[in-house]
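Working notes for the structure below.
So this is what it looks like as structure tokens:
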């Protein structure tokens with residue numbers, strides 16, 4: 169995958185910051201504000217995400233967690249503050265621009281193309297490929313059809329990894345809720361994201377499948393995929409996330425491991441005891 173600076177010139181450099189080696193800050197959210205009709209959904213949230221980590225984002229309903237993901241993903245325009253990715257500011261950009269920069273996401277309700285097969289859904293997640301450009305078309309169909317075959321092989325490899333190769337020709341609209349959730353995650357991985365945003369990936373699925381998804385996310389983290397996950401299941405969060413950011417009323421209340429947050433009286437009073 170090309171560097172963000174090559175893929176997305178719409179991202180402006182952030183003064184004094186550059187993308188660094190693994191373990192450095194890939195994402196920086198600073199004093200973020202988002203309001204809707206006078207309601208302040210996010211009120212000065214600030215946190216950072218290091219490369220190669222799975223950062224958990226927790227808090228009560230209405231804390232602003234999903235709005236933060238929407239702001240990072242370009243679905244919501246912040247009313248204040250900054251978001252920087254790989255050393256460049258995400259300004260007034262579209263979700264497509266954000267995706268081109270290397271950020272991919274999933275949603276609270278699995279978003280799949282119901283009238284496409286599982287395999288076709290995954291292919292929809294592949295970044296722009298050679299057959300879509302004028303220069304690529306000029307050499308002839310044989311050139312870009314070869315790349316299309318590579319994408320199919322890649323998608324089938326992901327399906328095998330997730331244990332869903334048998335479903336590749338099934339229509340996504342006929343799958344169970346948990347299977348649709350997996351298809352959405354697999355489609356996101358087709359883009360080889362630098363940052364994967366996960367909005368409640370365990371919502372509405374059974375315990376067995378939730379454990380399988382958690383295992384897969386751990387594997388991805390071990391392979392260096394950077395993720396930010398909003399999740400209400402604290403057992404899952406404690407098992408796979410580090411660090412964890414706790415939000416309350418649009419602000420970041422505390423950060424740390426789950427053990428540290430469980431020992432924080434402010435977090436207990438605002439969230440955990442409820």
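Residue numbers (the numbering used here): 169 to 442. Ideal placement from N, C-alpha and C gives every residue a C-beta, glycine not left out. These figures come from a predicted structure and were not determined experimentally.
According to DSSP, is residue 252 part of a helix, a strand, or is it coil? Strand.
Please classify residue 397 as buried or exposed, where buried requires at least 16 other C-beta atoms within 10 Å of its C-beta. With 16 or more Cβ atoms within 10 Å of its Cβ, residue 397 is classed as buried.
Residues that residue 208 bridges to, as DSSP identifies them: 203.
Taking a contact to mean a Cβ-Cβ separation below 9 angstroms, would you say residue 201 touches residue 263 in this structure? Between residue 201 and residue 263, the C-beta gap is not smaller than 9 angstroms, which leaves the two residues out of contact.
Quick check on this structure: which residue in 212, 290 and 205 has the alpha carbon closest to the alpha carbon of residue 320? That would be 290, whose Cα lies nearest to the Cα of residue 320.
Check whether the region 320–336 and the region 363–371 are in contact - that is, three or more C-beta pairs closer than 8 angstroms. With a cut-off of 8 angstroms, the region 363–371 and the region 320–336 do not count as touching, because too few Cβ pairs lie within range.
Does residue 333 come out as helix, strand or coil in the three-state DSSP assignment? The answer is helix: DSSP assigns residue 333 an H, G or I state.
CB residue 435 to CB residue 409, shorter than 9 angstroms? Here residue 435 is not near residue 409, since their CB atoms are 9 angstroms or more apart.
Three-state class that DSSP yields for residue 264 in the structure shown: Helix.
Going by alpha carbons, who is nearest to residue 244 out of 373, 254 and 208? Comparing Cα-Cα distances from residue 244 to each of 373, 254 and 208, the minimum goes to 208.
Alpha carbons only, please: which of 230, 268, 223 and 260 is nearest the one belonging to residue 359? Here the closest residue by C-alpha is 268.
What's the C-alpha gap between residue 218 and residue 197? Going from the Cα of residue 218 to the Cα of residue 197 covers about 12 angstroms.
My parser needs the alpha helix (DSSP H) runs of 4 or more residues fully inside the region 333–406; what are they? Every alpha helix (DSSP H) stretch that sits fully inside the region 333–406 and reaches 4 residues is listed by chain position as 345–358 and 375–390.
So, at 7 angstroms on beta carbons, what are the nonlocal neighbours of residue 372 in its own chain, with the 5 sequence-adjacent residues on each side left out? Short of 7 angstroms from the beta carbon of residue 372, and not among the five residues preceding or following it, lie these beta carbons of its own chain, in chain order: 345.
Those residues which DSSP pairs with residue 215 across a bridge: BP columns for residue 215 point to 197.
Take the Cβ of residue 292 as the centre, count every other Cβ of all protein chains shown within 10 Å, and call the residue buried at 16 or more, exposed below. Burial call: exposed.
In this structure, how does DSSP classify residue 258 when only helix, strand and coil are distinguished? In the structure shown, the three-state DSSP call for residue 258 is coil.
Applying the criterion that 16 or more other CB atoms from any shown protein chain within 10 Å of the CB defines a buried residue, is residue 431 buried or exposed? Label assigned to residue 431: exposed.
Simplified DSSP assignment, three categories, for residue 277: In this structure, residue 277 counts as coil in the three-state DSSP scheme.
Specify, as a first and last residue, the run of the alpha helix (DSSP H) that residue 430 falls within. DSSP places residue 430 inside the alpha helix (DSSP H), whose first and last residues are 426–430.
State the start and end residues of the unbroken beta strand (DSSP E) segment that holds residue 416. Residue 416 -> beta strand (DSSP E) spans 412–416.
8 angstroms contact criterion, which residue 401 and residue 370 should meet: CB distance rounded: Yes, residue 401 and residue 370 are in contact; Cβ-Cβ is about 5 angstroms, under 8 angstroms.
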